[in-house]
Amino acid sequence: MIVKSLTLTNFRNYVQQTVEFDNGINIIHGKNGQGKTNILESIFMCSAAKSPRTSNFKEMVNMDTNDDFFVISMDYSFRDMDSNIKIKYDNRGKTFIYNDIVLDKVGELMTRFLSILFTPEDLYIIKGGPECRRRFLDMFICQVDKGYFYLLQKYNRLLKQKSSCLKADADSSEKETYIHVLNDYMADIGSKVIDKRLSVLREMKEKTYAIHKNISNGLEEIDLNYVFSGKKIDDHNVKETMNQKLDESLEKELLRKVCLVGPHRDDIEIRINEKDARTFGSQGQIRTAALSLKLCQADIMEKKCGEKPVVLLDDVLSELDIGRQRAIVEKFQKNQIIITCTDKEKILENNNGSIRYIFVQKGKIIV
Ligand SMILES: Nc1ncnc2c1ncn2[C@@H]1O[C@H](COP(=O)(O)OP(=O)(O)O)[C@@H](O)[C@H]1O
Ligand SMILES: [Mg+2]
């Protein structure tokens with residue numbers, strides 16, 4: 490998977506800009522606030538159909554121009570075939586275009602282009618709330634499995650329905666009957682969501698363990714477990730377990746008027762040397778854990794899709810010592826890598842391969 494060139498129109502602080510990339514290492518450098526991350530954001534959106542920074546597309550329209558649209562157009566090659574993805578947004582909404590064909594559903598964009606983004610915010614996968622870990626896992630599974638994307642959509646629609654029913658001012662017995670019907674669907678679709686998460690997590694558990702042990706010089710053992718309704722679960726009878734929990738919680742849900750049970754409330758427990766990393770992890774352990782999780786995802790992505798994802802490193806290399814910088818670059822020596830940094834002298838010193846440098850200033854590429 491190689492990004493050849495990217496053209497941004499009215500996206501963030503870009504008015505109209507084309508950027509060309511090399512197959513190997515590309516370093517985007519420049520001062521803070523010039524538009525380096527914006528480039529990685531737009532590339533990542535071509536694989537996830539979502540920004541890692543916001544769910545609001547309007548926010549990404551260049552607010553310094555009078556136009557009310559943006560376009561991201563990316564030329565890339567996948568299995569030696571040249572392709573193009575366009576993401577357009579205007580006041581009528583979002584459009585996703587693959588090789589000049591408008592996709593009728595967003596999910597159809599999934600798996601056409603693969604990238605993996607490393608950012609300083611990855612630390613929140615470990616130290617943030619459960620929603621950070623759910624988003625991390627969901628976004629990843631969507632990228633490699635469009636069936637999961639549709640499943641999540643379905644579940645979220647049900648959740649909305651149930652939630653508005655719980656809040657509605659209806660007769661209580663009528664409400665209860667309707668909730669029972671919805672709960673059947675919730676258990677059916679919700680358990681499928683959990684099953685998929687469990688199967689990906691099982692794969693991640695083993696791989697992350699090995700990677701983490703390696704980059705912590707054999708000192709640390711990481712363990713990942715899925716937590717449903719406050720309890721660790723495996724893949725045994727998920728539907729039944731969820732059905733039971735929904736029944737048990739019905740009264741509480743009616744009282745509190747919120748949906749308390751289901752994959753939208755679940756968590757992933759991350760333990761390092763048998764202690765909960767969120768509470769007890771040191772800064773170094775948290776950083777290593779976030780890195781291991783991402784490296785593991787890159788492996789799984791490649792295995793599932795048979796192509797090396799494009800690796801996007803947003804301001805993360807400068808925080809690592811030269812040894813770890815090299816370990817990452819070595820791991821991805823056959824992937825295309827696009828790196829952002831403020832000080833290009835400080836990273837990849839002594840790298841003997843060729844590097845393409847891209848200098849960004851105020852939303853313009855200055856070659
Ligand atoms: N919708 C927008 N319209 C215009 N400028 C924007 C928009 N969103 C962000 N920016 C600008 O983009 C810049 C930040 O870009 P970013 O790529 O995050 O910088 P960095 O080079 O530090 O990675 C800031 O100057 C910010 O004001
Ligand atoms: Mg940045």
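Letter by letter, the sequence shown follows residues 490 to 856 in my numbering. Even for Gly, the Cβ is constructed at its ideal location relative to N, Cα and C.
Pick from D553, N824, S680, S661: whose alpha carbon is nearest that of Y503?
D553
When every heavy atom of ligand 1 is checked, does at least one fall within less than 6 Å of the C-beta of D553?
yes
Nonlocal neighbours in the same chain, by C-beta distance under 6 Å from E758, ignoring five residues either side:
N714, V716
When you compare each of Y698, K681, Q506, I561 to G636 by their alpha carbons, which one comes out closest?
K681
Could you pull out every residue in the same chain whose Cβ sits closer than 7 Å to the Cβ of I867, ignoring the five residues on either side in sequence?
Any property of residue 867 remains undetermined from this structure, which presents the chain solely from 490 to 856.
Should P752 be labelled buried (16 or more other beta-carbon atoms within 10 Å of its own) or exposed?
buried
Limits of the unbroken beta strand (DSSP E) element including Y503
Run containing Y503: none; DSSP gives neither H nor E here.
Write down every uninterrupted run of the beta strand (DSSP E) in the stretch 788-822 whose length is 3 residues or greater and which is fully enclosed by it, in chain order.
799-803
With DSSP as the reference, identify every bridge partner of I854, one or two as the case may be.
V849
Could you round the C-beta distance between L529 and L606 to whole angstroms and report it? I think they count as a contact, below 8 Å.
6 Å
Could you give the DSSP three-state label for I836: helix, strand or coil?
coil
Given a threshold of 16 other Cβ atoms within 10 Å of its Cβ, counted over all protein chains shown, does N580 qualify as buried or as exposed?
exposed
Within 10 angstroms of the Cβ of S531, are there 16 or more other Cβ atoms? Answer buried if so, exposed if not.
buried
Write down the C-beta distance between N527 and I826 rounded to the nearest angstrom, noting that I regard them as a contact closer than 8 Å.
Going by Cβ atoms, the distance from N527 to I826 rounds to 18 Å, so no, they are not a contact pair.
Relative to ligand 1, is the shortest distance from any of its heavy atoms to the C-beta of K525 smaller than 6 Å?
yes
Could you have a look at N714 and say whether DSSP puts it in helix, strand or coil?
strand
Whole-angstrom distance between C830 and H518, CA atom to CA atom
5 Å
Does the pairing of the stretch 726-736 with the stretch 665-682 give three or more beta-carbon distances under 8 Å?
yes
Quick check: D511 and R845, are their CB atoms within less than 7 Å of each other?
yes
Among K583, T507, E610, which has the Cα closest to the Cα of L802?
E610
Integer-rounded CB distance, given that Y644 should sit under 8 Å from C654:
Actually they are not in contact, since the Cβ atoms of C654 and Y644 sit about 16 Å apart, beyond 8 Å.
From the DSSP output, in three-state form, read off K720 for me.
strand
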